[in-house]
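Colleague:
Number of protein chains: 2
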Amino acid sequence: MARVTLQTIADRLGVSRATVSYAFSRPDQLSDGLRRRIMEVADELGYGGPNPTARSLRLGRAGALGLLFSETLPYAFADPYAIGFFQGIATAAEDAGVGLLILPLPHGDRRSDTVRDAVVDAFCVVSLPDGHPALAEVFARKVPVVVVDEPYVPGHPFLGIDEPAAGALAARHLLDLGHRRIGVAMVGLHDDGHTGWAGVDRQHGSVFEAMRRRRSGYQQACEEAGLDWGDVPFFEVARNSREAGRKAGHALLGREPRPTAILTNTDVLALGVLDAAADLGLAVPADLSVVGFSDSAAEEAGLTTIRQAKQQIGEAAGRLLLSPPSDAPERTIFPHDLIVRGSTAPPPA
Amino acid sequence: MARVTLQTIADRLGVSRATVSYAFSRPDQLSDGLRRRIMEVADELGYGGPNPTARSLRLGRAGALGLLFSETLPYAFADPYAIGFFQGIATAAEDAGVGLLILPLPHGDRRSDTVRDAVVDAFCVVSLPDGHPALAEVFARKVPVVVVDEPYVPGHPFLGIDEPAAGALAARHLLDLGHRRIGVAMVGLHDDGHTGWAGVDRQHGSVFEAMRRRRSGYQQACEEAGLDWGDVPFFEVARNSREAGRKAGHALLGREPRPTAILTNTDVLALGVLDAAADLGLAVPADLSVVGFSDSAAEEAGLTTIRQAKQQIGEAAGRLLLSPPSDAPERTIFPHDLIVRGSTAPPPA
DNA sequence: ATCTCCTCCTTAATCCATTAAGAGCTTAAT
DNA sequence: ATTAAGCTCTTAATGGATTAAGGAGGAGAT
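Keeping their order, the protein sequence lines are chains A and B.
So the first sequence is numbered by my numbering: it starts at 1 and just counts up by one.
So the second sequence is numbered by my numbering: it starts at 1001 and just counts up by one.
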C-alpha cells in the first residue's frame, strides 16, 4: 500500500496533478463530472486529502500557535492559573481557526528538538525561568513571540501584571489589618526542587523574574510598615500543590511566636495552608489570616487573594500573535485587584 | 528582507544547499571551519533554522498529536474530567517528545478546515456526539485515530469505561442504601442547549453514546430494584457547570414527594446539587444523598462518586497513537470504582 | 610513482502540494 | 462566417528542506 498523493490520482485518471488539486481546493474550477470522478478515485485509493504539511509549506502558514510553559505538561494542566490562561488563549485561537500546539519543554537532560521542529506560526512563552534554553530556541526561530509573566526580554512583546505592586497590595492588606507577625510561603522561586526555609540571599537569587518581583513587593510593603524583612519567616516549596502548601503551613505555624498571617504566592498553596491551620485547630480568620494569589482556586474556599486577569492575558497574547498590530507596545500591563474574602481579618487580640 | 533559506546561505558562501543542511542536521559531516562559517552567515542573515514545515514534509512526520474535544476550547479547559485526560495524554506526548495540537471544533455554522489542515501524525477524538461531522473529517485523513469515551466506531480503536456498568454501580449504591425516591440530573445528552425535564423518549434519543449508556445503567439498576423508570424525575442541563447543577437541584428538590437521593453524571453537576441542597437548608447526607461521576472534583467536597481512570485513559490513548502495537484490541475498557464519601447515606426515616 | 583510503563536499532525486498564466475547445453573438 | 467570451484543463514555477551516492583532493602505505 504505497503512499497516495494527488499525483497517484492524476495518473489513474490521466489528468494533471493540478486538476486534482483543484478538485479539492477550488471545486468551481472543474466540471462537475470530472470532479466527481476524481473524488471517487480518491476514495477508492484511500487518499487522505491534500497533505497538510505540503499544503502548509506551499501556503506559508502552519495554522497553529506554539505554547511553551515552564512546567511539564501534565503538571501545567493541573495548575489553575495555567488553565485560566489556556482558556484565554484558546478563545483567541478558536476565533482565528488555528490550533494550539502545546509543547513539552526539554525536561531534565534529555535534549529534544520540539521547539526547533514545531510547525507553528508564532510562539507564546509563559513563565520561563531566567536563561532557560528554550527561550533562546524560540527566539532563534525568528517567528513572532510573546512572553507572558516572565522573563521580560527587552525588545519583545511582554504581557503580565505589575508584580511588585500586586505583591505589595497583598502584603499591605495584612499590614493594614494590623498584622505584624507575617509568614511567607512561596513556590516557583527556583528550579532546583528545594523545599525548606529560604534566607534573603536565596530569595533574591530566584530565577523566576515574576516571582522575584512579586516577593519584592511583599518585602517593600513590610518594610514600609516598619518590619524587619530578615525576621519574616520565609518557606519555599518546590511544587505548587495543596500538599506542599500544607507542609509550608505546618513549618510556618510551628514557629514561635506563631505568625498571625501567611502570604502565599498561589491560591493552591494558600489552600494547603488552610489545611495546615485546620490540622492545628486554628480558626481562619480568627486565629490566622491567609492570602492567596491569582484568584484561580480561591472563590469556593473563601480565600482572600489577588485577582489576575489571566483569561484576558491569554486572549490578548493570542490576538497579539494572530494579528500583530503594527503599534503594539512592548509591555502590556494588565490590572490586578485585591479580592477580600473570608480568610483575612485583624489579628487575634 | 526577503525570506532566508538554506539556499540563501549556500549562495552567500558558494557552497551547495546540502552542505548547509548538513551544518544544521549532521555537523559531523562537515569540516569545523566551514560549519562555523555557515553558522555565522546564518546568524548574520537572520536565518531561523531549517524550516520545520519543509523538514516535516521531507521526513514524513509532523511531531504532533491532534486532539479533538467535543466542547469549545475555553470550555474544555474548564472541565475537570477533560483536564485529567489531558494530563494523561500529555504524559505520553512528553515522553515521545511530540506536541499536543489542540484543535478547535468547527463551532456553530462557521465552516473551518482545522481538521483537514492539521499537521499531525494521529488524532485522538474525545467525546463527540453521534454523527458529528468532525469525526468523518478525522477518519478521512487516513491517519491513526483513537476514540475516547464516545462514539464507538467499529473497526477503530476505542478507549473508555463500561458505561452501563458504571451507571448501574452508582445507582445501585443509592438503592442499596434504601433510597426509592431518586432523581437524576444529567448533562451532555443532547447538543441543542436544552435545559429542563426530559422524558424517556428524549433520554433515549441522546446523541452522546457514553451518556446514553451511562443512563441506561441507571435505569437498569432502578428497574432491577423494582422502580418504575417513568416515575423517576429526570432533569437535563445544557452545560456542565456548578450553576447548572444548582438549577437542576432546585428543580428536582422542588418535586413532591421530594427525592431522597440525586444521581448526577458529573462531579461538577453534583457540586451544584449540593449548593441547591444548602440553599434549601437540606442536610447532606442526612436529608439528601448525592452521587457524582468521574471523581474529578469530588474529593474536597466529600462527594461519593464513580472513579474513572481518566489520566490512565489519556496516557493509554497517547501511547496507542505514538507507538501503535500491532495487536491492539479494538476496544480497551478501563476500570471504574465506586468511591464512597460523605455525600451518601440511607434515606431519612 | 602508484594505489588505497579518508575527508569533505556536490549532485540530484525526493517529499506533496498550490496557483498564475495559457491552451484548446465549445458556444453564443454579430 | 468570424470573433469574442467561457469553460475546462495543463504547464511549469514554486514553497524549503533531506540524504544516498558519487567525485575530488590530499595523506599515507608500499
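Even for Gly, the Cβ is constructed at its ideal location relative to N, Cα and C.
A quick note: this is a predicted structure, and the numbers were derived from the prediction, not measured.
(1) At what residues does the beta strand (DSSP E) containing F334 (chain A) begin and finish?
(2) Looking at the secondary structure, which residues open and close the beta strand (DSSP E) in which A134 (chain A) lies?
(3) For the structure I just gave you, are there three or more beta carbon pairs, one from the segment 334-347 of chain A and one from the segment 148-168 of chain A, closer than 8 Å?
(4) Quick one: any contact between the segment 168-182 of chain A and the segment 290-299 of chain A, if contact means 3 or more CB pairs under 8 Å?
(5) Using a 10 Å radius around the Cβ and a threshold of 16 neighbouring Cβ atoms, would you call E243 (chain A) buried or exposed?
(6) Residue range of the alpha helix (DSSP H) that A286 (chain A) falls in?
(7) Which stretch, first to last residue, makes up the alpha helix (DSSP H) that contains E236 (chain A)?
(8) Just tell me which of A:P164, A:V4, A:G249 has its CA closest to the CA of D149 (chain A).
(9) In terms of DSSP beta bridges, what is G993 (chain B) paired with?
(10) The alpha helix (DSSP H) that contains T8 (chain A), what's its start and end?
(11) Which of the residues in the segment 1315-1349 of chain B, read from start to end, lie with their CB under 8 Å from any CB of chain A?
(12) Which residues in chain A sit within 8 Å of I1038 (chain B), going by Cβ to Cβ distance?
(13) Counting only the same chain and skipping the five closest in sequence on each side, list residues whose C-beta sits under 8 Å from that of D1275 (chain B).
(14) Distance check for L45 (chain A) and S31 (chain A), CA to CA, integer angstroms please.
(15) Using a Cβ-Cβ cutoff of 8 Å, what residues of the segment 85-103 of chain A are near chain B? List them in chain order.
(16) Is G97 (chain A) near S1112 (chain B), with beta carbons less than 8 Å apart?
(17) Where do the N-terminal and C-terminal ends of the alpha helix (DSSP H) with A375 (chain A) fall, by residue?
(18) Return the chain-ordered list of same chain residues with a C-beta closer than 6 Å to the C-beta of L1105 (chain B), the five sequence neighbours on each side being excluded.
(19) Residues in the segment 1159-1182 of chain B with C-beta within 9 Å of chain A's C-beta atoms, listed in sequence order?
(20) Distance check for M186 (chain A) and L269 (chain A), CA to CA, integer angstroms please.
(21) Taking a cut of 9 Å between CB atoms, which residues from the segment 1110-1123 of chain B lie near chain A?
(22) Below 7 Å CB to CB, which residues in the same chain sit around R1035 (chain B) once its five sequence neighbours on both sides are set aside?
(23) Which chain A residues sit within Cβ distance under 7 Å of R1055 (chain B)?
(24) Can you tell me the Cβ-Cβ gap for S206 (chain A) and L128 (chain A), rounded? I've got them flagged as a contact below 8 Å.
(25) Have a look at the DSSP bridge pairing and note the partners of Q87 (chain A).
(26) In whole angstroms, what separates the C-alpha of T260 (chain A) from that of S56 (chain A)?
(27) Roughly how many whole angstroms lie between the Cα atoms of D1228 (chain B) and G1188 (chain B)?
(28) Do you know offhand how far C1124 (chain B)'s Cα is from E1224 (chain B)'s?
(29) Using the rule of at least 16 other Cβ atoms within 10 Å of the residue's Cβ for burial, across every protein chain shown, is G281 (chain A) buried or exposed?
(30) When the cut-off is 8 Å and only beta carbons count, does R1141 (chain B) lie next to chain A?
(31) So what does Q308 (chain A) bridge to, in DSSP terms?
(32) Cβ closer than 8 Å: which chain A residues qualify as neighbours of I1313 (chain B)?
(33) The beta strand (DSSP E) with A298 (chain A) in it runs from where to where?
(34) Helix, strand or coil for A93 (chain A), going by three-state DSSP, please let me know.
(35) Cα-Cα, which of B:S1216, B:L1253, B:R1215, B:A1198 is closest to A1238 (chain B)?
(36) Of all the options A:T344, A:I262, A:D267, which has the alpha carbon lying nearest to the alpha carbon of R307 (chain A)?
Modeller: Based on what the coordinates show:
(1) Your numbering for residue 334 (chain A) matches position 334 in the first sequence. For F334 (chain A), the enclosing beta strand (DSSP E) starts and ends at 331-334.
(2) Translated into the one-based positions of the first sequence, residue 134 (chain A) becomes position 134. Where A134 (chain A) is concerned, there is no enclosing beta strand (DSSP E), although the alpha helix (DSSP H) it sits in stretches over 133-140.
(3) A contact between stretches requires three or more CB pairs, one per stretch, nearer than 8 Å, and the segment 334-347 of chain A meets this requirement with the segment 148-168 of chain A.
(4) The segment 168-182 of chain A is in contact with the segment 290-299 of chain A.
(5) Working through the first sequence from its first residue, we reach residue 243 (chain A) at position 243. Within 10 angstroms of the beta-carbon of E243 (chain A) lie fewer than 16 other beta-carbons, which makes it exposed.
(6) Mapped onto the first sequence, residue 286 (chain A) falls at position 286. Counted as a single uninterrupted DSSP element, the stretch harbouring A286 (chain A) is not any alpha helix (DSSP H), since DSSP gives it neither H nor E.
(7) For the purposes of this step, residue 236 (chain A) is taken as the residue at position 236 of the first sequence. Taken as a continuous stretch (DSSP letters only), E236 (chain A) belongs to no alpha helix (DSSP H), being part of the beta strand (DSSP E) at 234-237.
(8) Position 149 of the first sequence, counted from the start, is the residue given in the question as residue 149 (chain A). Nearest option by C-alpha distance: A:P164.
(9) For residue 993 (chain B) there is no data in the structure shown, the boundaries of chain B being 1001 and 1349.
(10) Here residue 8 (chain A) refers to the residue found at position 8 of the first sequence. Judged by DSSP secondary structure, T8 (chain A) falls within the alpha helix (DSSP H) whose first and last residues are 6-13.
(11) Across the segment 1315-1349 of chain B, no CB contact with chain A closer than 8 Å is found for any residue.
(12) Here the question's residue 1038 (chain B) lines up with position 38 in the second sequence. The contacting residues do not exist; I1038 (chain B) stays about 15 Å from chain A at best.
(13) Within the second sequence, the letter at position 275 stands for residue 1275 (chain B). Hits under 8 Å: R1242, G1245, R1246, G1249.
(14) As a position in the first sequence, residue 31 (chain A) is number 31, starting the count at 1. As a position in the first sequence, residue 45 (chain A) is number 45, starting the count at 1. Going by the C-alpha atoms only, they are around 21 Å apart.
(15) Those would be F86, Q87, G88, A90, T91, A93, E94, G97, V98, G99, L100, L101, I102, L103, in chain order.
(16) Here residue 97 (chain A) is taken as the residue at index 97 of the first sequence, counted from 1. Here residue 1112 (chain B) is taken as the residue at index 112 of the second sequence, counted from 1. Result yes, Cβ atoms of G97 (chain A) and S1112 (chain B) sit closer than 8 Å.
(17) For chain A, the structure presents residues 1 to 349; residue 375 (chain A) sits outside this window and is missing.
(18) Within the second sequence, numbered from 1, the residue matching residue 1105 (chain B) stands at position 105. Around L1105 (chain B): A1134.
(19) For the segment 1159-1182 of chain B, which is checked against every Cβ of chain A, not one residue is closer than 9 Å.
(20) Position 269 of the first sequence holds residue 269 (chain A). Position 186 of the first sequence holds residue 186 (chain A). Distance from the CA atom of L269 (chain A) to the CA atom of M186 (chain A), rounded to whole angstroms, is 8 Å.
(21) Residues passing the 9 Å Cβ filter: R1110, S1112, D1113, T1114, R1116, D1117, A1118, V1119, V1120.
(22) Position 35 of the second sequence holds residue 1035 (chain B). Around R1035 (chain B): A1023, P1027.
(23) Numbered from 1 along the second sequence, position 55 holds the residue referred to as residue 1055 (chain B). In chain order: D117.
(24) By 1-based counting over the first sequence, the position of residue 206 (chain A) is 206. By 1-based counting over the first sequence, the position of residue 128 (chain A) is 128. Going by Cβ atoms, the distance from S206 (chain A) to L128 (chain A) rounds to 13 Å, so no, they are not a contact pair.
(25) Here residue 87 (chain A) is taken as the residue at index 87 of the first sequence, counted from 1. Residue pairing by DSSP places Q87 (chain A) in no beta bridge whatsoever.
(26) Within the first sequence, numbered from 1, the residue matching residue 260 (chain A) stands at position 260. Within the first sequence, numbered from 1, the residue matching residue 56 (chain A) stands at position 56. Taking the straight line joining both Cα atoms gives about 59 Å.
(27) Numbered from 1 along the second sequence, position 228 holds the residue referred to as residue 1228 (chain B). Numbered from 1 along the second sequence, position 188 holds the residue referred to as residue 1188 (chain B). Answer to the nearest angstrom: the Cα atoms are 23 Å apart.
(28) One-based indexing of the second sequence puts residue 1124 (chain B) at position 124. One-based indexing of the second sequence puts residue 1224 (chain B) at position 224. So the two alpha carbons sit approximately 37 Å from each other.
(29) Walking along the first sequence from the start, residue 281 (chain A) turns up at place 281. The residue in question, G281 (chain A), is exposed, as its Cβ has fewer than 16 Cβ neighbours within 10 Å.
(30) Looking up residue 1141 (chain B) in the second sequence gives position 141. It does; some Cβ of chain A falls within 8 Å.
(31) Taking the first sequence and counting its residues from 1, the one referred to as residue 308 (chain A) is at position 308. In the DSSP output, where bridge partners are listed per residue, Q308 (chain A) has A:H336.
(32) The residue given as residue 1313 (chain B) occupies position 313 in the second sequence. I1313 (chain B) does not reach chain A, its nearest Cβ partner there being about 14 Å away, counting only Cβ pairs nearer than 8 Å.
(33) The count along the first sequence starts at 1 and reaches residue 298 (chain A) at position 298. Looking at the DSSP string, A298 (chain A) is not in any beta strand (DSSP E), and its letter there is neither H nor E.
(34) The residue labelled residue 93 (chain A) in the question sits at position 93 within the first sequence. A93 (chain A) sits in a helix when the DSSP states are folded into three classes.
(35) In the second sequence, counting from the first residue as 1, residue 1238 (chain B) sits at position 238. Ranked by how close their Cα comes to the Cα of A1238 (chain B), the residues B:S1216, B:L1253, B:R1215, B:A1198 have B:A1198 in first place.
(36) On the first sequence, position 307 is the one that residue 307 (chain A) refers to. The option with the nearest alpha carbon to R307 (chain A) is A:D267.
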